[in-house]
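Here the structure comes first, spelled out in C-alpha cells, and everything after it is commentary.
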Amino acid sequence: MKLARPWPEFKFSNLYNRQVRRPAKTALATGIVVLTLGSALGLQMPWREYPGQNNAPIPPDYQEKTEWVFARLMYPPFTGLVNGRGQRGFRGGSWKDGRSSWTTDYSAADRHVSTAMRRLTRVHVRSVEQPVDLDDGDDVFNYPWLYAVEVGHWQLTDSQVKKMREFLERGGFFMCDDFHGTEEWAVFTATMQRVFPDRPIEDIPDSDSIFHVISDLNNRYQVPGAQYLRSGRTWESDGYQPHWRGIYDQKGRLMVAICHDMDLGDAWEWADAPEYDEKFSSLAFRIITNYVVYSMTH
C-alpha cells in the first residue's frame, strides 16, 4: 500500500522533514484542523492483522487511503515477573505473530477509536488500525501518532530504543496506556529511561493545551478496565489514583503522553457494552480525541 494521501486542502508528511510547530489557535469551533506539514515521503507497510484479544470484523472500507491511522506499537514482552506473575496475555509464541501483551484490546478498541474520531472530528480517519514494528526499517516515520498498551510488560531492544527516540525527536507523538501500580511503572520506566535518559517524566499540568484542544478535560477521573465489572474497583494493583504524565521536548512540546493507573483501551473496547458505565468510555474518547488533535497541531 502506498503512503496514505490527504485531502487536497491539507499538506501532510512523515517525519523526515517535519518541523516542530507552534501554530496559531486552531479553528476548532468550525471543526477545521489547521496543519502545516511538508510533502509525504516513503511507503507504508501493507495493512496486516494479527491474532488479538478481541478481533473485530474487517470493515468494507479498510483499504481507504486517509490522513490519520490508529498506529499500534508492536513490542517484545518483558522477560521477568511483574506483580509475581509472568507475562499477562503472552501465549508463549513470538510477539511478532500476535497474541502478546501488545495485542491487549486489539483490534476492537482500535476500531472503536477510529469510529469515534470520524464522528467527533473532521479528521479523515482510516477504519482499521496499523500494527507498527520498530524493526521494519523506517516504517514508523509514516505514523506521527503511535499508541502502546500494557507498557508495564514491555522491553524494547537497544535498536528499538534508538528508533523510538529518533521517532520522537523528529516530531512523533507516543501515547501509552493500561498499566497499573508501582511494579508495572518500574518496568515501563526501565525502558523509557533508556529512550530518554536526559528527559524527566513529569505530571502534565491541567493548563496544558492537550487537555483543552477540543474538550476541556479539567475534571478527569480514573477509567477502569473490564475487571471493574467483576470487582467494582476502578483501580488495579496499588494504582489507586490515576496519573496523567508526560515527557516534553526542548521546546515544550509534549511528545510522550503516559496514562498510568487507568485503562482507556478497555473503555474503548467495551464502549458498546451496556454493563460498562458510559461515563468511563465518554472520558476515554474525549482524551484520545484531544491527544490525536494535539499531536497533529503541535
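For the sequence shown, my numbering begins at 22 and goes up steadily by one.
Glycine included, C-beta positions come from ideal geometry on N, C-alpha and C.
Query - valine 149, DSSP secondary structure in three states - result: Sequence index remark: in the sequence shown, residue 149 carries index 128 (1-based). In the structure shown, valine 149 sits in coil (DSSP, three-state: anything other than H, G, I, E or B).
Requested in this report: Kindly confirm or deny that the stretch 213-232 and the stretch 259-273 touch, where touching means at least three C-beta pairs closer than 8 Å.
Outcome: The way I'd put it, the stretch 213-232 does touch the stretch 259-273; three or more beta-carbon pairs between them come closer than 8 Å.
**Report entry** Extent of the continuous alpha helix (DSSP H) run through aspartate 131
**Finding:** Translated into the one-based positions of the sequence shown, residue 131 becomes position 110. Per DSSP, the unbroken alpha helix (DSSP H) holding aspartate 131 starts and ends at 129-141.
Query - Distance between beta carbons of isoleucine 225 and leucine 275, contact taken as under 8 Å - result: Locating residue 275 in the sequence shown gives position 254, counting from the first residue. Locating residue 225 in the sequence shown gives position 204, counting from the first residue. Indeed, because the Cβ distance is near 7 Å, the residues count as touching under 8 Å.
Report task. Give the single residue among Leu155, Thr210 and Ala137 whose Cα lies nearest to the Cα of valine 277. Result -> Position 256 of the sequence shown, counted from the start, is the residue given in the question as residue 277. Nearest option by C-alpha distance: Thr210.
Query raised in the report: What's the call for glycine 192, buried or exposed, on a 16-neighbour Cβ count within 10 Å?
Result: Taking the first residue of the sequence shown as 1, we reach residue 192 at position 171. Counting the other Cβ atoms within 10 Å of the Cβ of glycine 192 gives 16 or more, which makes it buried.
Query raised in the report: Considering isoleucine 321, what are the terminal residues of the beta strand (DSSP E) in which it resides?
Result: Since the first residue of the chain shown is 22 and the last is 319, residue 321 is not available in this structure.
Query raised in the report: Do you know how far the Cα of methionine 283 is from the Cα of proline 245?
Result: On the sequence shown, position 224 is the one that residue 245 refers to. On the sequence shown, position 262 is the one that residue 283 refers to. Near 6 Å, if we compare the C-alpha coordinates of methionine 283 and proline 245.
**Report entry** Continuous alpha helix (DSSP H) stretch holding phenylalanine 188: start and end
**Finding:** Taking the first residue of the sequence shown as 1, we reach residue 188 at position 167. Segment 179-190, the alpha helix (DSSP H) holding phenylalanine 188.
**Report entry** Range of the contiguous alpha helix (DSSP H) that encloses alanine 207
**Finding:** In the sequence shown, residue 207 corresponds to position 186, counting from 1. Its alpha helix (DSSP H) spans residues 202-216.
Query - One or two residues paired with proline 98 in a DSSP bridge - result: Counting from one through the sequence shown, the residue named residue 98 turns up at place 77. Per DSSP, Trp175.
Query raised in the report: Since valine 90 contacts glutamate 187 with CB under 8 Å, what's their CB separation in whole angstroms?
Result: By 1-based counting over the sequence shown, the position of residue 90 is 69. By 1-based counting over the sequence shown, the position of residue 187 is 166. 20 Å between Cβ atoms; not a contact.
Report task. Would you please state the rounded distance, in angstroms, between the beta carbons of threonine 100 and glutamine 214? I believe it to be under 8 Å. Result -> Counting from one through the sequence shown, the residue named residue 100 turns up at place 79. Counting from one through the sequence shown, the residue named residue 214 turns up at place 193. With a contact defined as Cβ atoms closer than 8 Å, threonine 100 and glutamine 214 miss out at about 18 Å.
Query raised in the report: In three-state terms, what does DSSP make of tryptophan 265?
Result: Position 244 of the sequence shown, counting from 1, holds the residue named residue 265. Tryptophan 265: strand per DSSP, three-state reduction.
**Report entry** Residue interval of the beta strand (DSSP E) (run including tryptophan 166)
**Finding:** Translated into the one-based positions of the sequence shown, residue 166 becomes position 145. It spans 166-170 - the beta strand (DSSP E) in which tryptophan 166 sits, taken as one unbroken run.
Query raised in the report: CB-CB under 7 Å to aspartate 131, same chain, minus the five flanking residues each way: which ones, in chain order?
Result: For the purposes of this step, residue 131 is taken as residue 110 along the sequence shown, with counting starting at 1. Here the set comprises Phe91, Arg93 and Glu150.
Query raised in the report: When you compare only the Cα positions, how much space is there between tryptophan 265 and tyrosine 242?
Result: As a position in the sequence shown, residue 265 is number 244, starting the count at 1. As a position in the sequence shown, residue 242 is number 221, starting the count at 1. In this structure, the alpha-carbon of tryptophan 265 lies about 10 Å from that of tyrosine 242.
Report task. Could you pull out every unbroken alpha helix (DSSP H) segment of at least 4 residues lying fully inside the stretch 217-299, listed in chain order? Result -> If only complete runs of 4 or more residues are kept, the stretch 217-299 shows the alpha helix (DSSP H) at 249-252 and 285-290, in order along the chain.
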